[in-house]
Amino acid sequence: MSAQLLQRQAMDKHGIVATMDVNGKILSANDKCSQLSGFSIDEIIGENISAFDITNMSEQEKSDIFVSLSQGQTWQGEVHSLTKLGEPWYVFATLVPVIKSPPRVDHLIAIATDISEQKRLETRLSEGRAFYRSITDSIGEGVYAVNGEGTTQFLNPAASRLLGWSLDELQGRRFHDTVHYQKGDGTLLPREQCPVNLTIRSGQSYTSYEDFFTDKRGRLFPISIVAVPLLDKEGKPDGHVGVFNDISGQKAIEQKLQKAYDEAQSANKAKSDFLATMSHEIRTPMNAIIGLTHLALESTDNEQRQQYLEKVQRSSTALLDLMNSILDFSKVEADKIEIVDEPFTLTKTIDKLAQVFQLKAQQKQLQLLFDIRCHTNLQCRGDSEKIYQVLLNLLSNAIKFTASGHVILTVEKRENQLAFSVSDTGMGISEQVKSKLFKAFVQADASISREYGGTGLGLAICKRLVELMGGDLTLESEVDKGSCFSFALPVCSDEGPGTGPQLPVSVPDNVLCIQTHESVSQGCEILAATLNRHNIHCQIIDQVEGLLPSKASQTIAFLPDDEQSWNSFIKHMQFGEYQSLNLTTLISPLNKQDVQKRMGSALVQNINIIELPFTDTELISTLSPAQLSLSKRTLEGLESRKWRTRRLLNKHVLVVDDDAISVEISQQILSDLGINVAVASSGEQALALCEMSKFDAILLDCYLPGVSGYEVAEQLTLKKDWYTPIIALSADESQEASESALTAGMCQHLVKPATADEIVHTIDIHIHSGYIEINPPDEMSQFISSLLTFYKTYSQRGVMSDLLDIFHTQTNTSKLLTSLLEDAQLIGATTLEQSLLPLIEAQERNEAVNARHVTNLSFQLDATLRLIAHTIDKNDTDNMHQSGTNFDKSSMLSTLRNVEQALQSYDAKAVEYINVLAANYSESVYAHKINRLKQLATIYDFESAQAVITQLIGDITDE
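Residue 5 is where the sequence shown starts when you use our numbering, and the numbers rise one by one after that.
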């Protein structure tokens, strides 16, 4: 038997073999074809192929196949048809054209393999999968599966609902890196340390009620979880299946029960004793507030009313200080003060102290000087916030009890210690009261409490804090000459002198300091020492006794507060004596406005004004022409009031608080920025308003009558497509309150009394939570161009990865961090700048600190990029915020007349109109009068407001 015949028999036995012409007419078929189709050979031969009732191809597809076969092309594919009995029949076929005389195809050979059984198995498998999926879909708990690499393979609907992610979004991502990367305190949880991952790798099941997942919106929530390993063919773990549930409600109940138990345990007789002791100190300012408020309401004299209200404000501030002292003292007494051990530098602390006490020193015409004898970027380790708290109290006391002269903060390095001292030229303390000065509720003299107020708690708290940090607070004092409080702390990371920060190349090597009066001699010496520490030589010239040099690279004039010295200085300027000295900076205990008034027309435009106390940051910024000055950053930068107003103008914010005064304060803060404010006094009202209106942000008090703020947040965040940021406002400053707010779905927790800056900044970063496409304007200012450059540089995906890589190294030296800091300073991104400073300046970081800084830095960089995107987007509205004399007067006049009409009809909406007017023309030459108009309208003095607006309309019309 020939090999060809054997091959034919083998094919006939295991497969279908048939021949047909190019039109599909069957010429021959083997027994296998008859057996499988159910048709006899006679029924098959002579019929067209269409007799087999092919179900998976259209007539057009069949026609196209025969056209290609007639052209000599081979075809392969599945054919689905029905047998003679109507049962499904599946084959995999190959059609080969036979060409005897090219190019004409003589006939076709069809070879097919029956795959019916394979198809039936596939159908059963698909039905089985659908059955098991229906089981997982109906489970109320979340179910997920990951492979050995940790990549997500499966999510049931409950898991998608709890996490906010779909399977398509998570496929290709590591489940841990996307969902399980944080601990309960917000610090990072590396996959290598993940208890689920470690347990599964050992082949064991994992059960826990202490883990946390993070959903797509960034909400961190507690879970119960059971994870079971998946095994490969060799029985080794190759991924796992996890079943989890959100147990936020259960945890909240547990926390409430634990809190109630702790409070019951800690209640004792000391509470009533403490309240009795403090009764007098609380009632005194409260009596003043109640009495003066009554007098202000009764008075018809606006000037007298203003004086009453100023006294009410002072009494309110005193009462708040008292409350803060009571809280701090109670923590000290209960040994609940925690001393943090983390890297820090002095830069932020010194700058904050300067900002806090600048105005207070100016009000008393005192010279406040910071004599910093070491580099402020010196590497330290300890609790910077507690050091700040102690210095805050000591400086506050020094300014309070000093009538004239100066207050000096001195900081110097002694081996591994930082020595701090606060000295003054105040009233001094006698020897007999020094011993009891650091006791709670004790002051040097009973008359002091009557004249200056206070409880005597401050120094007791300071002494205890210094002791907890490893130091001792001491006092040197002489009656009528002044006092000096000192302490030293072992916080320096090394005993070397350290190196100062790298200065901008534009900073001069030599500076001339003109001493205009003997009273500023000490300030000039501190200035010279500060500059010399930065390798800038400073020569002091006494203008009264010495001769001025013929020239200087840069000159600083140091002036006192007395008018005679100022008049003399102005005459020297008018006579041109400083013309060749490049006078660039004035330092004075006066504020900038008073300096400008005293100088008048003699003030040259490019002269910088530094208010005492000067700091390293401000000095270097002022001496470097290339640096954006600190004051300009405040006025023009990304987080300035100017740009906040433009970003937030006409936004719609809901304020929910049951305290009417708190509502009024928040309403005024937001209205000043052109924000439309709606108010609710209960949780029920808030929920009803949210059903009727859409808000850009919600400021929500946590403790409301009836439905609490937590419950309001939970109900709102469970709504479909809810994206409005909810900001918690609470008098409870505990960590538990913050965690409860975040668990309820709020994005941030503010503690009352929150400052206007805190409220506005929090709303600004959360209201602009989404990225938008940036369309750069055709014409850009230098500032907008710098914002765009920052955005393009740091919005790249690789930037955050590079930043994360930095934190795995032992040293801190990173060109990327330094560049990011410089660029943040350039655009006035002050919050991002403050989050970068500790990282750049600290040499060593433990894992917890490192993780917290990573989280904070990533959040602040993300927030800065979002603010930039929305700032550039708002740049096309610049014409709304007209500056100087360049504005549409007819448009402004039309707006003013609308306001005038509202005032004349005593329409309460006049306040809203004026707020928008103030926001739109905040930089015009009429800004001062518009602000005056706003002040009058706010207290509903519409008659006086009408007089101001009539004058304003006249001024614009007469031009």
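Glycine is no exception: its CB is placed at the ideal position from the N, C-alpha and C atoms. Quick caveat: nothing in here was measured; it's all calculated off a predicted structure.
C-beta contact flag for residue i and residue j at 7 Å
i: Gly687; j: Val711; result: yes
i: Leu167; j: Asp219; result: yes
i: His857; j: Leu843; result: yes
i: Leu99; j: Ala116; result: no
i: Cys542; j: Val515; result: yes
i: Glu118; j: Leu40; result: The question names Glu, but residue 118 in the sequence shown is Asp. Going by C-beta atoms, Asp118 is nearer than 7 Å to Leu40.
i: Leu2; j: Leu733; result: Because the chain is modelled from 5 through 963, residue 2 falls outside the range shown and cannot be assessed.
i: Ser408; j: Phe348; result: no
i: Val681; j: Val667; result: no
i: Glu981; j: Arg377; result: Residue 981 is absent from the model: the chain starts at 5 and stops at 963.
i: Thr899; j: Leu865; result: no
i: Val599; j: Ser592; result: yes
i: Ile560; j: Thr534; result: no
i: Leu531; j: Ala556; result: no
Three-way DSSP call (helix, strand, coil) for residue i in this model
i: Pro199; result: helix
i: Ile403; result: helix
i: Cys751; result: coil
i: Glu482; result: strand
i: Gly832; result: coil
i: Arg377; result: coil
i: Arg205; result: helix
i: Ser554; result: coil
i: Lys240; result: coil
i: Thr649; result: helix
i: Ser615; result: As written in the sequence, residue 615 is Glu, which differs from the Ser given in the question. Strand.
i: Gln175; result: coil
i: Ala758; result: coil
i: Ala365; result: helix
i: Gly42; result: coil
i: Gly460; result: Any reading at Gly460 must be qualified, since the residue scores a pLDDT of 49, below 50, and its modelled position is unreliable; the value itself is stated next. Note: Gly460 maps to coil in three-state DSSP.
i: Lys938; result: helix
i: Gln383; result: coil
i: His857; result: helix
i: Arg223; result: coil
i: Asp215; result: strand
i: Ile560; result: strand
Exposure label - residue i; buried when at least 16 CB within 10 Å
i: Ser523; result: buried
i: Tyr910; result: exposed
i: Val150; result: buried
i: Phe579; result: exposed
i: Pro226; result: buried
i: Glu567; result: exposed
i: Asn539; result: exposed
i: Pro233; result: buried
i: Lys263; result: exposed
i: Asn610; result: exposed
i: Glu238; result: exposed
i: Arg650; result: buried
i: Met696; result: exposed
i: His753; result: buried
i: Gly253; result: exposed
i: Glu346; result: buried
i: Ala852; result: Low confidence applies to Ala852: its pLDDT is 45, below 50, so where it sits in the model is not reliable enough to give any reading.
i: Lys796; result: exposed
i: Glu622; result: buried
Bridge-paired residues (DSSP) for residue i
i: Ser794; result: The amino acid occupying residue 794 in the given sequence is Phe; Ser does not appear at that position. The partner list for Phe794 (beta bridge, DSSP) is empty, contrary to what the question assumes.
i: Ser32; result: Thr23
i: Gly246; result: Tyr148, Ala231
i: Phe491; result: Phe424
Proximity test, Cβ basis, 7 Å: residue i and chain B
i: Glu342; result: Absent here is chain B; the protein component of the structure consists of one chain.
The ligand COA heavy atom lying under 6 Å from the CB of residue i
i: Leu825; result: The ligand COA is not part of this structure, which contains no ligands at all.
Worksheet entry | Segments of 3+ residues assigned as beta strand (DSSP E) that fall wholly inside the stretch 59 to 105 | Listed in chain order, they are 79 to 86, 92 to 105.
Worksheet item: Hey, which unbroken runs of the alpha helix (DSSP H) at 4 residues or more fall wholly within the stretch 107 to 173?
Response: The alpha helix (DSSP H) runs lying completely inside the stretch 107 to 173 and spanning 4 residues or more are 120 to 142, 161 to 167, given in chain order.
Practice prompt. Give, in chain order, every unbroken run of the alpha helix (DSSP H) that is at least 4 residues long and sits entirely within the stretch 512 to 557.
Written response: Taking only runs of at least 4 residues, the alpha helix (DSSP H) segments lying wholly in the stretch 512 to 557 are 525 to 537.
Worksheet entry | Whole runs of the alpha helix (DSSP H) within the stretch 678 to 714, excluding any shorter than 4 residues | Counting only runs that start and end inside the stretch 678 to 714, the alpha helix (DSSP H) elements of at least 4 residues fall at 687 to 696.
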